[in-house]
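Asker: Numbering (the working numbering), first residue to last: 827 to 1138. Backbone N, C-alpha and C fix where the C-beta goes; we use that ideal spot for every residue, glycine too. Just so you know, these numbers come straight off a predicted model, no measurement behind them.
Below, the structure is given as structure tokens:
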């Protein structure tokens, strides 16, 4: 998600700071709950937004019949890598989040979890994900290094680029070539169109997310597409939505997907019209609802792909 937003083996909280002690008694009833909050397991929207395009790619690459082990590996990998991304995201923004009302009580910036603990947790999650990848072929293993680099470096991009949301899209979209490599032993050139669709989709929904904190970001100097687009944000999001469906239409042509898929695209387009209505006044809560609702776009498109391969 937007940079501000996106293992210790002790079960007893270290009382190294009075701030941490106070927060332990309020925001963090246990160490494990604090770790879960740091991984954002209490807010699974990021998992879902990464999961759906991964499943799109799995079903398309396997023509409707993905290997069960691959499904398990990639679903588990989505959970682990999104969780790792949240941890390193909060580590990168530990001195920023405290200045944003919505993120000020996150475990790391609030002092409930130490920086060292966060780095250990990140390393553990990435290691577990890599162990899963080791069960796959060599090409997929090599691609996983690129994916890990994108996930680890994304939180720092808003320091030097006004397009961190595009970088997030590349990180989320990297699951596509990995899926094709794991399923077929090579990357079908057509898969890069699906990768591009995922990148554009992330640019859409994460710009909506960035609109929520635009005022805070301007004050503290964090860059985002919401700031870059300025008063043209809704127009540019609308153009990106058209581009997204144009690419997905082309994907359907390339992979010879049928009527169910195109019906799903039509329904998903209706959902995105609703998102435009939600953000019409640029109100924070409404922009956040639009961001969350993008999950249903992923669901609908996956159902269309599923129906193409499994219904007459």
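CA-CA distance, residue 939 and residue 1080?
Answerer: So the two alpha carbons sit approximately 48 Å from each other.
Asker: Roughly how many angstroms separate the alpha carbons of residue 912 and residue 1082, rounded to a whole number?
Answerer: Rounded to the nearest angstrom, the two C-alpha atoms are 37 Å apart.
Asker: Which runs of the alpha helix (DSSP H), 4 residues or longer, sit entirely within the region 895-982?
Answerer: With a minimum length of 4 residues, the continuous alpha helix (DSSP H) runs that stay inside the region 895-982 are 941-959, 964-979.
Asker: Return the Cβ separation of residue 934 and residue 864 in integer angstroms, given the expectation that the two are a contact with Cβ distance under 8 Å.
Answerer: Sure, about 6 Å apart at Cβ, within 8 Å.
Asker: Give a yes or no on contact between the region 936-952 and the region 1052-1071, applying the rule of three or more CB pairs nearer than 8 Å.
Answerer: No, the region 936-952 is not in contact with the region 1052-1071.
Asker: In or out: residue 1107 buried (at least 16 other Cβ within 10 Å) or exposed?
Answerer: Residue 1107 should be labelled exposed.
Asker: Enumerate in chain order the residues of its own chain whose CB-to-CB distance from residue 848 is below 8 Å, with the five nearest sequence positions on each side excluded.
Answerer: Because the pLDDT of residue 848 is 38, which lies under 50, any placement of that residue in the model is unreliable, and the number read from its coordinates should be weighed accordingly. Closer than 8 Å at the Cβ level, and outside the excluded window around residue 848, lies no residue.
Asker: Taking one C-beta from the region 944-961 and one from the region 983-1000 each time, how about it: are there three or more such pairs within less than 8 Å?
Answerer: Verdict: no, contact absent.
Asker: Secondary structure at residue 882, three-state DSSP: helix, strand or coil?
Answerer: Residue 882 falls in the helix class under three-state DSSP.
Asker: If you follow the alpha helix (DSSP H) that residue 1010 is part of, which residue opens it and which one closes it?
Answerer: First-last of the alpha helix (DSSP H) with residue 1010: 1001-1010.
Asker: Distance, Cα to Cα, residue 1119 vs residue 1101?
Answerer: Looking at the two C-alpha atoms, the distance is approximately 8 Å.
Asker: Tell me whether the region 1030-1039 and the region 1049-1060 touch, counting them as touching only if at least three CB pairs, one residue from each stretch, are closer than 8 Å.
Answerer: Judged by Cβ distances under 8 Å, the region 1030-1039 makes contact with the region 1049-1060, as three or more pairs qualify.
Asker: Tell me the residue span of the alpha helix (DSSP H) that contains residue 1133.
Answerer: Residue 1133 -> alpha helix (DSSP H) spans 1110-1136.
Asker: Keeping to the same chain, check which residues put their C-beta closer than 8 Å to that of residue 1025; ignore five residues upstream and five downstream.
Answerer: Answer for residue 1025: 992, 995, 996, 998, 999, listed in chain order.
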